[in-house]
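Student: Here the protein sequences line up with chains A and B, keeping their order. In terms of my numbering, the first sequence opens at residue -14 and continues consecutively. In terms of my numbering, the second sequence opens at residue 6 and continues consecutively. Beta carbons: idealized from backbone N, C-alpha and C, even for Gly.
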Amino acid sequence: MPSNPTPLAEAPSESAETRHIHAALTRTSTGKEDLRELESGLDSLQSDAERRHRIEWSRILLPIAALAVLILAWQFYVSLGVKRRDLVPGPLDVSTQMGVLWNEGKLQEAVWTSLQRGLVGFLISVAIATPVGLLLAQVAPLRRAFGPLISGLQVLPSVAWVPAAIIWFGLTDATVYFVVFMGAIPSIINGLISGVDQIPPQYRRVGTVLGASRLQMALQVILPAALPGYLGGLKQGWAFSWRSLMAAEIIAVGGTIGFGLGSLLDQGRILSDMTVVMSAILLILAVGILIELLVFGPIEKRLLRRRGLLAGSTR
Amino acid sequence: MPVVLEHLGKRFGDGAPVLDDVNANIAKGEFVALLGASGCGKSTLLNIIAGLEAPTSGALEVPSDGAAFMFQDAALFPWLTARENIELALKLRGVGKSERRAKAQDLLELVHLGTAGDKRPHELSGGMRQRVSLARSLAQDRQLLLMDEPFAALDAITRDLLHDELERIWKETGRTIVFVTHNVREAVRLGQRVLLLSSRPGRVVQEWAVTEEHRTDAGLAGQLTGVITARLREEIRRHAK
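1) Would you mind giving the Cβ-Cβ distance between L200(B) and A29(B), rounded to the nearest angstrom? I have them listed as a contact below 8 Å.
2) Do V27(B) and L39(B) come within 8 Å of each other at the CB atom, strictly closer than that value?
3) So if DSSP puts F184(B) in a beta bridge, which residue, or which two residues, is it bridged to?
4) Taking 8 Å as the threshold (C-beta atoms), are P7(B) and M75(B) in contact?
5) Alpha carbon to alpha carbon, how far is V209(B) from L202(B)?
6) Would you say E24(A) lies against chain B (beta-carbon separation less than 8 Å)?
7) Between L27(A) and chain B, is there a C-beta pair that is closer than 8 Å?
8) Taking DSSP as the reference, what is the three-state secondary structure of G75(A)?
9) In whole angstroms, what separates the C-alpha of Q197(B) from that of Y215(A)?
10) Give the DSSP bridge partners of E92(B), in chain order.
11) Could you run through the region 8 to 37 of chain B and flag, in chain order, every residue whose CB is less than 7 Å away from some CB of chain A?
12) Interface residues of chain A around Q145(B) at Cβ under 9 Å?
13) Please state whether DSSP places V100(B) in a helix, a strand or coil.
14) Quick one: using the 10 Å Cβ neighbour count with 16 as the cut-off for buried, is E(-5)(A) buried or exposed?
15) Taking only runs that begin and end inside the region 172 to 246 of chain B, name each unbroken alpha helix (DSSP H) of 4 or more residues, in chain order.
16) Please confirm if the region 133 to 144 of chain B is in contact with the region 79 to 89 of chain B, defined as three or more CB-CB distances below 8 Å between the two stretches.
17) On a Cα-Cα basis, can you pick out the residue from E35(B), V9(B) and E58(B) that is closest to R16(B)?
18) Ordered along the chain, which non-local residues of its own chain (more than five positions away) have a Cβ less than 8 Å from that of E212(B)?
19) Going by alpha carbons, who is nearest to R21(A) out of P60(B), T120(B), T186(B) and P68(B)?
20) Using a Cβ-Cβ distance under 8 Å, would L289(A) count as near chain B?
21) Apply the 10 Å Cβ neighbour rule to A149(A) and answer buried if 16 or more other Cβ atoms are within range, or exposed otherwise.
22) What are the start and end residues of the alpha helix (DSSP H) that includes K91(A)?
23) Find out if the Cβ-Cβ distance for the pair A42(B), S204(B) is shorter than 8 Å.
24) From the DSSP output, read off the bridge partner residues of V9(B).
25) Kindly indicate the opening and closing residues of the beta strand (DSSP E) around F74(B).
26) Determine the chain B residues that contact G293(A) at a beta-carbon separation under 9 Å, and present them in chain order.
27) Measuring straight from C-alpha to C-alpha, what distance separates I276(A) and R129(A)?
28) Tell me whether V54(A) is buried or exposed, calling it buried when 16 or more other Cβ atoms sit within 10 Å of its Cβ.
29) By the 7 Å beta-carbon criterion, what residues does the region 142 to 156 of chain A contribute toward chain B?
30) How about R21(A): is its C-beta nearer than 8 Å to some C-beta of chain B?
31) Taking Q31(A) as the query, report the chain B residues whose CB atoms sit under 8 Å from its CB, ordered along the chain.
32) Can you tell me whether K15(B) is helix, strand or coil according to DSSP?
33) By DSSP's criteria, L24(B) is part of a beta bridge. Which residues make up the other side?
34) Return the residue from the list S248(A), L57(A) and E234(A) that minimises the CA-CA distance to W146(A).
35) Comparing the C-beta of L120(A) with each C-beta of chain B, is any distance below 8 Å?
36) Report the three-state DSSP secondary structure of P83(B) (helix, strand or coil).
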């Protein structure tokens, strides 16, 4: 074994350069300061330069331009006169009708009634579905027992519950809320469960190694890790509540049920007034778009950006 | 002795044993490199020492408070910042809120990341993430630190630096470290002792002491690396058909 030590090791008055060469050869750094310097150099080489966030005008202007194009196309089609004007009203007729509805106070009443019911129904659904979803996702026998039922309920159109609800609760708000719950709760539960399923197993191991109890594991590890899937479930849950609500409002009219957007739509049908029908459809659509733009969009974007999942996406 | 393994064996179900008659003693404050080719049950052995899995035969003695663990991938939680990841480890250990903040900052300074505490894992490079992960395992405050190929996925330059870093931290904190690797140079660079595990079943077949001279003499270290590599290849060759 050739074991004569290299002369570099013991040289008392070595230059900085030889010291560095020796350090590199024996794979030891020359000292704490040297190590810190090397590391911070490498860190700055390997991390991205910070990017500033500016207002992205294309995000605001492109949708507005798209909307303008659609309205122009609509107006163009109507002015060709292919169909009778009372069957296919133009954008101007519809906006005039909306103005009338606004002045009568009907528009505000319908939007407010539906929105309020949709939101309250959705929030109660979230409060019920979240603990149930966590429980199903974490306890295997429960999931095996109820999983197929929950998936089935998500596929079952919640409108199917309207006749049953009317028989049970009559023409009251309870009917509307019942249908909303049956629409929203299964999809929120399913979203949460699939979010939990997609958690990398490594996270649970880390939790175990760090000494998390069962409750701590659920609240500190599982729930935050499942958040993207959970949020997807919430979005879908909101869509289902809004749709179910409209269906319920169209079918169940009268009694103590208030006047919502679905009722407005049904009223337009009874009066054979296409401008009212179109106004109601556009309002239902507008509420859906606004909730996505103002509530879910920003939350989702923030969530994904913080986890570094936004790079390369078209969001 | 913080870790004593006696005739330790492990098999999954009715399959062939993964570990068979593993014997080892690891002293307090020692840095032991556990070396072996794929399929030698290195990770299983670490899991057993960590208490994540139970052995099927034999006995083991480990510190009563368990062990800190560092994984191959940093396994940081992406919804928390670097600092919050460390604070979570302290929180699950039961450290009070005000103390957590100061401790986390100390640990960040220790791994030279004092100014990167508010960054999220995806904003950090692989080496920085692994340093946060190291700080988090130190936050567990266990005498025994188990490391499962923690630098295997890093580029060579970063890995070399992290070797220096780990050695410095080991000297500063006096931890007992069991470091699993399949890289012979890494084992010689870091360990005071290198244990070679055979493959299928895993068993400690030979061990080498790495002296202070190996650290200061590149030629000597290279020599030892060669000897160990030859022995490792002999083990692998046994499985040729």
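Tutor: This is what the structure holds:
1) 6 Å
2) no
3) According to DSSP, residue pairing for F184(B) in a beta bridge involves A38(B) and M152(B).
4) no
5) 4 Å
6) Closer than 8 Å to some Cβ of chain B, the Cβ of E24(A) qualifies, so yes.
7) The beta carbon of L27(A) sits closer than 8 Å to some beta carbon of chain B.
8) coil
9) 48 Å
10) DSSP, once it has assigned bridges, lists no residue as partnering E92(B).
11) none
12) V194, L195 and G196
13) Assignment of V100(B) by DSSP, reduced to helix, strand and coil, places it in the coil class.
14) Residue confidence for E(-5)(A) is low, a pLDDT of 45 falling below 50, so the modelled location carries little weight; the figure read from the coordinates is stated next. So E(-5)(A) counts as exposed.
15) 189 to 195, 217 to 221 and 223 to 242
16) Cβ pair count under 8 Å is three or more, so yes.
17) E58(B)
18) Cβ neighbours of E212(B) beyond the five flanking positions: R198, V199, L200 and L201.
19) Comparing Cα positions, the closest option is T120(B).
20) Put simply, the CB of L289(A) is far from chain B, with every gap to its CB atoms at 8 Å or more.
21) Taking all protein chains shown into account, A149(A) has fewer than 16 neighbouring C-beta atoms within 10 Å of its C-beta and is therefore exposed.
22) In the DSSP assignment, K91(A) falls within the alpha helix (DSSP H) that extends over K91 to Q123.
23) yes
24) N30(B) and E66(B)
25) A73 to M75
26) P83, R125, P126, H127 and E128
27) Using only the alpha carbons, I get a separation of about 35 Å.
28) exposed
29) none
30) yes
31) The answer, in chain order, is S130, G131, G132, M133 and T163.
32) strand
33) K15(B) and G207(B)
34) E234(A)
35) no
36) coil
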